[in-house]
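All remarks here apply to the structure that follows.
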Amino acid sequence: MKEEYKDLPAEEDTGRMVSLAGRMMSKRVMGKASFAHLRDAKGDIQIFVKRDLLGDEAYAAFKKMDVGDIIACTGEVFRPKWAN
75 MKEEYKDLPA EEDTGRMVSL AGRMMSKRVM GKASFAHLRD AKGDIQIFVK RDLLGDEAYA
135 AFKKMDVGDI IACTGEVFRP KWAN
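75 is the number of the first residue of the sequence shown in this note's numbering; add one for each residue after it.
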């Protein structure tokens, strides 16, 4: 997926929704938003999880997930401004 979207401009809304699954390799919970790195056979990718978008119940469930869990997610593709 990284290769497919490598030329995507940073911080631009794409409207492109994707679904992916993988093993959670790391997770950083920071209040109302979190980041996690997923790994599958094709490589690693970072996901951004925001309580305002998920809702309280789903965000609480995400926070209970452990590194090593296999998870699936759906969301909009975007590149942060710091991405190369």
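Don't be surprised by glycine CBs; every beta carbon is placed ideally from N, CA and C.
Helix, strand or coil at residue i according to DSSP, with G and I counted as helix
i	result
R125	helix
K116	coil
E86	coil
C-alpha gap between residue i and residue j, whole angstroms
i	j	result
V103	G129	15 Å
G245	F152	Nothing about residue 245 can be read from this structure; the chain reaches only from 75 to 158.
D143	E77	25 Å
A96	P154	The question names Ala, but residue 96 in the sequence shown is Gly. If you take the alpha carbons of G96 and P154, they lie about 21 Å apart.
G149	I121	9 Å
S108	M139	12 Å
K124	A115	26 Å
F136	A146	11 Å
Residue-chain proximity (residue i, chain E), Cβ-Cβ < 9 Å
i	result
A95	Chain labels in this structure do not include chain E; a single protein chain is all it has.
Bridge-paired residues (DSSP) for residue i
i	result
F109	R102 and F122
Distance cut-off 8 Å: residue i Cβ against heavy atoms of the ligand FAD
i	result
M99	Judged by which ligands are present, the structure shown has none, so any question about the ligand FAD falls away.
Nonlocal neighbours in the same chain, by C-beta distance under 7 Å from residue i, ignoring five residues either side
i	result
A134	none
Neighbourhood of residue i by C-beta, 6 Å cutoff - its chain only, sequence neighbours within 5 removed
i	result
R113	G96, R97 and M99
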